[in-house]
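In the working numbering, the protein residues as written are 213 to 474. Note that beta-carbon positions come from the ideal geometry of N, C-alpha and C, so glycine has one too.
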């Protein structure tokens, strides 16, 4: 949407200079959505759904399923992934990949989305294993993640060979980034650190993943409640209720014996 508005703004600015329209303000003054509203209930992935997704994609293409897995672990944007070169992969002082460029489909390679986009992203053991596998046999200047034939990735090819529409249940590829971020927050990694790894502003991370932080608070709150319940002596509910009544309200119920009952 931002790109569309920028293009339209340039067009209307040129048209205003030529006198074809009175002003370009009709485009410039259009407000952009904040992007902070998410719908995690149905669209976001869980550990179970990501495992099922990867299993289905393995049946379609093991090569592209590994790319899906890397995206779900690392949280990199698609454009960042396309631009990574083999030389950006590092092993020391710890496994990581340097994000210095972005290359969205159909656009020229450029700087990452924001200043924070240029970063060194630490890789888990599994993410590093996948990355080194893709680097095998390639030169330093080659793209790290490529097609089976060694060409630069394209979204339409990725979606085709993973049968993305069916295997991902209609979700966007960008949801893999959401999954990676939410898993890091659930692991207890501070928000500012997660934001640095994502190349985002911490305030954006707070807006988008507030529900995940709420989950953590719920879990932490349940621990003392469960501990308190275990420390309470178990009692017969009828005895407890009778005990709570004031003495003047207690009724003496006679015992009835014999075959006739009440």
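With distances taken Cα to Cα, identify the nearest neighbour of residue i among the options.
i: residue 424; options: 257, 235, 241, 234; result: 257
i: residue 342; options: 386, 275, 243; result: 275
i: residue 265; options: 360, 387, 441; result: 387
i: residue 417; options: 427, 430, 403, 426; result: 403
i: residue 242; options: 371, 347, 224; result: 224
Thinking C-beta only, is residue j closer than 8 Å to residue i?
i: residue 293; j: residue 283; result: yes
i: residue 262; j: residue 391; result: yes
i: residue 338; j: residue 285; result: yes
i: residue 367; j: residue 290; result: yes
i: residue 273; j: residue 374; result: yes
i: residue 557; j: residue 382; result: Nothing about residue 557 can be reported from this structure: the residues present for the chain run from 213 to 474 only.
i: residue 269; j: residue 379; result: yes
i: residue 306; j: residue 324; result: no
i: residue 217; j: residue 244; result: yes
i: residue 231; j: residue 389; result: no
i: residue 490; j: residue 308; result: The structure shown does not extend to residue 490, since the chain is modelled only from 213 through 474, so no value can be given for it.
Exposed or buried, what is residue i when buried is set at 16 or more other beta-carbons lying within 10 Å of its beta-carbon?
i: residue 376; result: buried
i: residue 211; result: With the chain covering only 213 through 474, there is no way to say anything about residue 211.
i: residue 361; result: exposed
i: residue 164; result: Shown here, the chain extends from 213 to 474; a query on residue 164 therefore has no answer.
i: residue 365; result: buried
i: residue 281; result: buried
i: residue 267; result: exposed
Tell me, please, whether the segment 387 to 396 touches the segment 300 to 318 by the rule of three or more beta-carbon pairs shorter than 8 Å. no
Within 8 Å, do at least three Cβ pairs link the segment 346 to 363 to the segment 297 to 312? yes
Stretch-stretch touch, CB-based, cutoff 8 Å, three pairs: the segment 219 to 236 with the segment 332 to 351: no
Validate contact between the segment 327 to 341 and the segment 399 to 415 using beta carbons, cut 8 Å, 3 pairs: yes
Report the start-end ranges of each beta strand (DSSP E) in the segment 287 to 333 that is 3 residues or longer and not cut off at the edges. 308 to 311
Tell me the start and end of each unbroken alpha helix (DSSP H) in the segment 323 to 400 that is at least 4 residues and wholly inside, in chain order. 337 to 347, 367 to 373, 376 to 379, 387 to 398
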